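S.K.: The listed protein sequences correspond, in order, to chains R and G.
Per our numbering: the first sequence = residues 182 to 670.
Per our numbering: the second sequence = residues 182 to 670.
Virtual Cβ for every residue (Gly too), placed ideally from N, Cα, C.
Keep in mind it's a predicted model, so treat the numbers as computed, not measured.
There are 2 protein chains.
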Amino acid sequence: MTAFDALMAYQRETSALAQVAGRLGWDQETMMPRGAAGQRGLEMAAMESILHARRSAPQVGEWLETAAANDPADAAQIREIRRAFERANKVPADLAKRIAQVTSEAQGKWAAARAAEDVAAFLPVLDEVVALKREEGAALAKGGDLYDAMLDDYEPGTTGAQIAAMFDAMRPRLVALRAAVLERPKAEGVSGRFDEAAQMMLSRDLAQTFGYDLNRGRVDKAVHPFSSGSGSDVRITTRTSPTDPFNCIYSTIHEVGHAAYEQGIDPAYALTPLGQGVSMGVHESQSRIYENQIGRSRAFAGWLFGRMNAVFGDIGIADADAFYAAVNSVENGYIRTEADEVQYNLHIMLRFDLERSLMSGDLQVPDLEAAWNDRFAADFGYAVDRPSNGCLQDVHWSVGLFGYFPTYSLGNVYAGCLNQALRAAVPDLDAQLAEGDTSGATGWLRENLQRHGGLYAPREVIKRASGMEPSEAPLLGYLETKFSDIYSL
Amino acid sequence: MTAFDALMAYQRETSALAQVAGRLGWDQETMMPRGAAGQRGLEMAAMESILHARRSAPQVGEWLETAAANDPADAAQIREIRRAFERANKVPADLAKRIAQVTSEAQGKWAAARAAEDVAAFLPVLDEVVALKREEGAALAKGGDLYDAMLDDYEPGTTGAQIAAMFDAMRPRLVALRAAVLERPKAEGVSGRFDEAAQMMLSRDLAQTFGYDLNRGRVDKAVHPFSSGSGSDVRITTRTSPTDPFNCIYSTIHEVGHAAYEQGIDPAYALTPLGQGVSMGVHESQSRIYENQIGRSRAFAGWLFGRMNAVFGDIGIADADAFYAAVNSVENGYIRTEADEVQYNLHIMLRFDLERSLMSGDLQVPDLEAAWNDRFAADFGYAVDRPSNGCLQDVHWSVGLFGYFPTYSLGNVYAGCLNQALRAAVPDLDAQLAEGDTSGATGWLRENLQRHGGLYAPREVIKRASGMEPSEAPLLGYLETKFSDIYSL
C-alpha cells in the first residue's frame, strides 16, 4: 500500500466519523429529548476528541511526507488533509479544550442574556471567548494577521483586506439603493392563517422542485433552519409560522441550495475531504442563488404564486406582480436573518468591522454595545431599541465564530457572479422558471460548480464556473436593476 | 490521578462513544433516508473500529493491573471493564472484521431469501457465518464450551447446560398447557379500523402511564419495535396496524419495560459500564413483566378496555372479561414474535437446540431446514408451510447472534420470579392496576432491580429482588393458573 493509499484509507474513516458527529448535531436540533442535553455535550466532546486526535495524528504527518499525487484530485486531497493536520497541530490541545468549554458555557449565557435583554450578563464570558480566540488566532497566524488566520478556517485563501475592499465598493451603492427604495410605498403582504402541515407538504414539494433528492435526505422542522451532512445523507430543516408562509418557503429553498451542493458532489469523493463544499462562502453562494436569484426571480415567483393559491386558496395578494413585490419587500428592521437582499450585506459589514476590531484589540468587549449601536444608527438611520435587536441577536460570537460572518456576503457576491454566467448560458431560463422548472439552473450549477466539491480552491471554483474573477459588480448590478424595477425608482 | 480514576475517565469517553454508535442504529431504523444505507455501513464500521480499539487498548490493561476498588460499585466497574477488555483481546482483529463483513452481507441475503422463500439462497452465507462464529467461539472459550462462550456475551455466568435443564423442566408443562388451551373455543378479537394517529397518541399516553419519562426519551415508529440508548436519552419505537391496535399497545408497553430499566438506573452510573442493563435476560425480564404480568393482567386489561373505548369507541368486544381473553388469546401460529405467553418459550427451545447443535457441529447448515421443520411439527403438531414461516423468519443467525435466543426465555423466567415477589410486596397491586396506576409495580421494580444497572451479576440481581434463586417454577405456576382461568380448563 502506498503512503497515499494508507493516508486515504485512514482519512475515509475520519470523514465517516465526522459525518457521525455532524448527525449528532442534526439530532440535537430536531429529535433529541430536552433532558438529554447534558449527556449530549459529553458525547459531542468525545467525538471531537477522537476527530482531533485523528486529524493531528503523527502517522498522518508521516504519510503526508511521502504521499504522491497521481492527478489533480489526489493533489487536492493531500492539500486538504495537510491543512487540517497543520491546523490541528498548531493549536495546543489544552487551548482547544478551553475554547470548547468556554464557548459551551458562553452559548448558554448568551441565550439567557438575550432573553433577559441584559448585555452586562454576557460581556464577561464574551471577553473570555475573545481572549481565547485571539490566543488561538496567534497560534494559527504564526506572526501573520490574527483575523486572516480565523477567516482561513471558513474561507481558505481570502483575507480581511480583500473583504474590506469588497465592502468599501459595496457600501455606498447599497446605502443609496436602500435609501431610494425606502422612500417608496411598501409592498403589500400576505394575510390569513396558513396551515402548518400544508406548509410542510409544500416545503417537501419545493425541495424536490429544486432537485433535492429525498432518497438521500429528509426535511424536518427546527427553530433555526440548517442543512447537515455530506455524501448520501444530507438533511435539511425548515420552520413554519402560521401567519408568514414565506418563512417556511424561503428557508426551505435556501437550505436546499446548501443540500444540493452536497448532493451534487461527484460520488467518487464521498467520505473524503473533497466530498464536501469547499468553503462557507461557496456554500452560501448556492443557498443564496437558489433562494434569491432563482427563488425570488419574477419568473419563479409567478409560478410560486399559482402554487400557493392552489395549496392555500386566497392568500391576500392580488396578482403575480404584487406577489413578486411581496417576496422582495424591503423594510426597516433590526434583525440580520430577516433582512432582504438590499440590506443584508449592510448587517454583515457592521459585524465584520466590529469583530475585526475585537480581534486586533482596537475595540474592547466592554465597548461593544455602544460601538454596535452607533454603527447601526449611522448605517440604518434609527436607533437599536433593545439588545436582542442589537449586539445580542446572533449566536456566532458566543460560540467563537469570528471570521464567519463575511462568508455570508461572499456567498452573495459569488451568487451574483454565478447568476450572470448562468443567465448567459441558459438564455430561456426565465421561461423555464415560469413553469416551475429549475432544472436548467440547478443542472448548470451542478455541472459547473457543485460536482467539484473540494477539488478547487474557493475563488478558483467560482472563477471556473462564472468565467470571471470574483467581483461584487454583478451582484450590485443585479440588485440595482431588480429593485429599481420593483420599486419603480 | 489514581489508576482507577484514569481508567474511569477513559471509560466514560468510551461509554459516550458507545451511546453515539447506538443512536446511529436508532437513526437507521427510524429516520435515515433509504439511499444512505451504504454510507451508514461505513460510518458504523468506523465507530465499531474506534470502540474496539478503546476496549482493547493496552493502557486499559495497564490501568486494570493496578486499579483499586473502594467499594462494591468500583469493583463492579472494574469487573465489567475487564470483561470487555479480555473479550476484545481474545478475538483477533482480523476475525472480528471478517465477521462484521460476512454478517453484513448475510443480513442482506437473508432478507432477500426470506422475501423469495428461497432457503438455498441463504444457506451458503449462513454456513460462512456459522464457521466464523465457531472460530470466534473457540477464541473466546479457550478450550471450554463454544456455546457457553457465546451465551456469555449476552447473559454472563449462565451456561448452555443450565438453560437446557430449565427447558427440560418447562417443556412438558407448556406442551400440556398449550394442548389443553387449544381444545377450548377461541377468544373473540377486536374488529373495526383503528386510526393510526390515535394509536400513536395512545402509545405515548401508555408509555407515560408506565412511568416512561418523555423528557429523557421519545416514541417513534419502526418496522420492528426496539428500545435504544442509556442514561438520559432512552428512545423507544412501536408500530401500528390499522386492524390490530394490540400490536401498537403491547409493543409500546414491552419497549417501555426495556426503557424503564435504562431510565431507572442510578444516575451516578451514567456513561459507565454499570449505567446500562446488566444482561439481555434481565433486560427482557423488565419488558416481559411490563407487557405480560402487568400489562396483560386482568386488572390492568379492565382499565385498558375503558381507555380503548374512550379513544376508539366500539372496538367489537363486549366487556372487560372478553377483552382480557382477547389480549391473552392463544392460537396456532408459526411466528415467534407473534406468539402468546403459553407458546413463546416453545419457539425459543426449538431455536436453542438447533443453534447449540450448529455450534457443536452435530447439525450441519445444509440440514437446518429439515431439522427445523421436523422439530416444529413435533412441538406444534402441524407442518411449516413456507420458509418465511420457518427457518427464515428470524434475523438473528444471519447477523451472528448465536446464544441470544435463550435470553428471551430467561427474561420470561426472571419475570415470573419478580412477579411473585412483587405481588407479595404490593398486596393491593390489582386494585392499583384496575385504576391504571402502575406506580406500585414500577416503583417496586425500580427500587429492587432497575436502579442497580450493572452493579450485580444477572442471577444475583434477580435473586436480590425476588428473594429466591431464579427458577422456572413461578412462571409455570403463573401461566397455568392464568390460562386455566381464562380458558376454563
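#1: Kindly list, in the order they appear in chain A, the residues whose Cβ is closer than 9 angstroms to that of Leu544(G).
#2: Looking at C-alpha atoms only, which residue of Leu205(R), Leu198(R) and Glu243(R) is the closest neighbour of Met225(G)?
#3: Should Tyr393(R) go down as buried or exposed, given a rule of 16 or more other Cβ atoms within 10 Å for buried?
#4: With a threshold of 16 other CB atoms inside 10 Å of the CB of Glu175(R), please say whether the residue is buried or exposed.
#5: Compute the beta-carbon to beta-carbon distance between Thr340(G) and Gly462(G), rounded to the nearest angstrom, for a pair I have assumed lies under 8 angstroms.
#6: Check whether the Cβ atoms of Glu443(R) and Gly458(R) sit closer than 8 angstroms, and answer yes or no.
#7: Compute the Euclidean distance between the alpha carbons of Met213(G) and Glu616(R), then round it to the nearest angstrom.
#8: Just to confirm before moving on: does the CB-CB distance between Arg374(G) and Thr424(G) stay below 8 angstroms?
#9: Please report the straight-line C-alpha distance between Ala238(G) and Ala249(G), rounded to a whole angstrom.
#10: Who are the near neighbours of Ser579(G) in its chain, counting only those whose CB is closer than 6 angstroms to its CB and skipping five residues on each side?
#11: Mind listing, in chain order, the continuous alpha helix (DSSP H) runs of no fewer than 4 residues lying wholly within the stretch 496-580 of chain G?
#12: For Arg295(R), does the three-state DSSP call read helix, strand or coil?
#13: Alpha carbon to alpha carbon, how far is Val642(R) from Glu336(R)?
#14: Does any residue of chain R bring its CB to less than 8 angstroms from the CB of Ile231(G)?
#15: Rounding to the nearest angstrom, what Cα-Cα distance links Val371(G) and Ile496(G) in this structure?
#16: Which residues in chain R sit within 8 angstroms of Asp208(G), going by Cβ to Cβ distance?
#17: State the DSSP-derived secondary structure class of Thr183(R), mapped to helix, strand or coil.
#18: Among residues of its own chain, excluding the 5 on either side of Arg295(G), which ones have a beta-carbon nearer than 6 angstroms to its beta-carbon?
#19: Select from the stretch 362-396 of chain R all residues with a C-beta closer than 8 angstroms to any C-beta belonging to chain G, and list them in chain order.
#20: Just the chain R side, please: which residues come within less than 7 angstroms of Ser460(G) by C-beta, in chain order?
#21: Identify the contact partners of Arg215(G) in chain R, using a Cβ-Cβ distance below 8 angstroms as the criterion.
#22: Going by the CB atoms, is the gap between Phe583(G) and Met347(G) shorter than 8 angstroms?
#23: Measuring straight from C-alpha to C-alpha, what distance separates Ile430(R) and Thr390(R)?
#24: Quick check on Arg416(G): does DSSP put it in helix, strand or coil?
#25: Check whether the Cβ atoms of Ala379(R) and Phe493(R) lie closer than 8 angstroms to each other.
#26: Checking contacts by CB at 8 angstroms: is Arg399(G) closer than that to chain R?
#27: Taking 8 angstroms as the CB-CB limit, is Arg212(G) close to chain R?
#28: Would you say Gly592(R) faces chain G, with C-beta separation under 8 angstroms as the test?
#29: Which partner residues does Asp401(G) have in the DSSP bridge list?
#30: What whole-angstrom Cβ distance do Val546(R) and Asn554(R) have, given they're in contact under 8 angstroms?
#31: What does Val201(G) reach in chain R if we use C-beta pairs closer than 7 angstroms?
#32: Taking a cut of 9 angstroms between CB atoms, which residues from the stretch 432-463 of chain G lie near chain R?
#33: Any idea if Leu656(G) is buried or exposed, counting beta-carbon neighbours within 10 angstroms, 16 or more meaning buried?
#34: Under 8 angstroms between beta-carbons, which chain R residues line up against Leu198(G)? List them in chain order, please.
#35: Would you give the residue range spanned by the alpha helix (DSSP H) that Ala368(G) belongs to?
#36: What did DSSP end up calling Ser409(R) once you bin it into helix, strand or coil?
M.R.: In terms of the structure at hand:
#1: Absent from the structure is chain A; the protein chains it does hold are R and G.
#2: Leu198(R)
#3: So Tyr393(R) ends up on the buried side.
#4: Since the displayed chain R opens at 182 and closes at 670, residue 175(R) lies outside it and no answer follows.
#5: Rounded, the Cβ-Cβ distance is 13 angstroms, inconsistent with contact.
#6: yes
#7: 32 angstroms
#8: yes
#9: 19 angstroms
#10: These residues qualify, in order along the chain: Ala287, Gln288 and Trp291.
#11: 501-508, 525-541 and 549-561
#12: helix
#13: Roughly 13 angstroms between the two C-alpha positions.
#14: yes
#15: 6 angstroms
#16: Arg204 and Asp208
#17: Reduced to three states, the DSSP call for Thr183(R) is coil.
#18: Same-chain partners within the cutoff: Ser569 and Leu573.
#19: Asp394, Leu395 and Asn396
#20: Near Ser460(G) there are no residues of chain R at all, since even the closest Cβ is about 23 angstroms away, more than 7 angstroms.
#21: Asn396
#22: Not a contact, by the Cβ cut-off of 8 angstroms.
#23: 12 angstroms
#24: strand
#25: Their beta carbons are under 8 angstroms apart, which means Ala379(R) touches Phe493(R) by this criterion.
#26: yes
#27: According to the sequence shown, residue 212(G) is Met rather than Arg. True, the Cβ-Cβ gap to chain R drops below 8 angstroms.
#28: no
#29: Thr418(G)
#30: So it is not a contact: roughly 15 angstroms between Cβ atoms.
#31: The CB of Val201(G) comes closer than 7 angstroms to the CB of Val201, Leu205, Glu224 and Met228 in chain R, given here in chain order.
#32: Ala451 and Leu452
#33: Around the CB of Leu656(G), 16 or more other CB atoms lie within 10 Å, so the residue is classed as buried.
#34: Glu224, Ala227, Met228 and Ile231
#35: In the DSSP assignment, Ala368(G) falls outside any alpha helix (DSSP H), carrying neither H nor E.
#36: strand
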